[in-house]
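As numbered in our numbering, residues 25 to 257 make up the sequence shown, in order.
Virtual Cβ for every residue (Gly too), placed ideally from N, Cα, C.
Reading through the structure tokens given below for one structure.
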Amino acid sequence: MSPHCDFLEQSTHEGEDGRLRPDVVVKLPAGRTIIIDAKVALTAYLDALEARTEDERRAHMQRHAAQLRSHVGKLAERGYAAQLRESAEFVVLFIPGDTFLAAAAEADPLLIEQALEKQIVIATPSTLIALLRAVAYGWRQEKLAENAQRISDLGRDLHDRLATLVTRLAAMGHQLGKAVRAYNDTVGTLESRVLPAVRRFDELGVTSGKARTDPSPIDVQVRQPALLEIDLE
């Protein structure tokens, strides 16, 4: 995906409650979006790493899970889906490491499930990459669908123009056929009514001295376009 094409960073959006500035907005097919937030605090987890006792570590981990749950609640309250014109389907809460999420989930087993109920997806680098790959695939499929529609439109336009051309060729052929028949009829009349008298003058020696070429009928039939056999409707 390309910046400013498939996603926007730190873009400002006008919402019902004021301006919103999500960290990343990923564009989806059909005008939908995914909002990515990366502002979650990790201080409690870092405090747990420096804890001297197991009880202190557990307390900090509980606080870490509480911080994460609190941030989930704040994201849900912002209501990106309701406020942004792009109508975000869900919000991704990005955590910069799998261990941060694993520790929070251990301290609060219902955290991930209840976040999903609020349309908040907690993602780590590995799961975010998988998610964005799926988004990129959907984007490509949308482009393929657009190209297929363009090809269909071009084909329909070519079909219409071809039908018009073939119809005009058929009309031209019909007129040429009428002209050939009229010519042959005239030649027949000339041969049966006029030329016999002219030849009598030749026999009597009454000529202008100019060579005469008698017209011949046209035996060639006008061909109709082969495409007329194809259904152009």
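- A check of alpha carbon separations from S94 across E170, L193, K142 and D209 identifies K142 as the nearest.
- A straight-line Cα-Cα distance of about 23 Å links L155 and L66.
- Rounded to the nearest whole angstrom, the C-alpha separation of R205 and L189 is 24 Å.
- For V64, the closest alpha carbon among the candidates A83, D209, R56 and L92 is that of L92.
- Within the same chain, I60, D61 and A62 come within 6 Å of D47 by CB-CB distance, once the 5 residues on both sides are set aside.
- Membership of I59 in the beta strand (DSSP E) is indicated by the continuous run T57 to D61.
- Taking C-beta separations shorter than 7 Å and ignoring five residues to either side along the sequence, the partners of A128 in its chain run H88, A89, L92 and L135, following chain order.
- Residue burial annotation: V159 is buried, with at least 16 other C-beta atoms found within 10 angstroms of its C-beta.
- Under the DSSP assignment, K98 falls in the alpha helix (DSSP H) whose first and last residues are E78 to R102.
- Residue environment: M85 is assigned as buried (16 or more neighbouring CB atoms within 10 Å of its CB, all protein chains considered).
- Per DSSP, V244 is not a residue of any alpha helix (DSSP H), being assigned neither H nor E.
- Cβ neighbours of V211 within its own chain (closer than 6 Å, five residues either side excluded): P239 and P241.
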